[in-house]
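Below: one structure, written as structure tokens.
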Amino acid sequence: YPNGYFSDHFHRMQPGDSMDFRGPTTTLLYGPNTVSCMGMVAAGTGITPMYQIIRTILSNPGDATQIRLLYANRSANDILLRKELAELEAAHPDRFQVHHILEAVHDEVGPEAV
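Under UniProt numbering, the letters of the sequence shown match residues 1 to 114, in that order.
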């Protein structure tokens, strides 16, 4: 992403440079029906761990947990897993809602794209 948080660092790197990464340092402890409603906030590629949790919760018919997801992206074209999230929302309308937040909306993209 131009002007992205890490983009500057990546653009300054030269062949042979290295960058250290480390994974999440916390663990989500979740059990079915632990909470009545779970709120999630994700941006960009941060949707991937949320998506796994959402699928796990919704795949358990004995779990009545409702999920509300706020998912931020720069534009509708940047929405990862758009189709999959829409399918989960359609299959579980009483348990799962996605609210998309976009930085830029282009005229050629209608609401059906989100």
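Ideal Cβ positions, reconstructed from N, Cα and C, are used throughout, including at glycine.
For clarity, every value in this text was computed on a predicted model and none was experimentally measured.
Query                                                                                                         : Result
Closest by C-alpha distance to residue 105, when choosing among 87, 86, 76, 96                                : 76
Cβ-Cβ separation, residue 68 to residue 37 (assumed contact under 8 Å), whole Å                               : 7 Å
Residue 108 - DSSP class collapsed to helix/strand/coil                                                       : Annotation note: pLDDT 48 at residue 108 (below 50); position unreliable, no value reported.
Spatially closest choice to residue 102 from 95, 84, 96, 78, by CA coordinates                                : 78
Those runs of the alpha helix (DSSP H) which lie wholly inside the region 42–104 and span at least 4 residues : 47–58, 82–91
CA-to-CA distance, residue 48 to residue 88, given in whole angstroms                                         : 14 Å
Under the three-state DSSP convention, the category residue 16 falls into                                     : coil
Bridge-paired residues (DSSP) for residue 39                                                                  : 68
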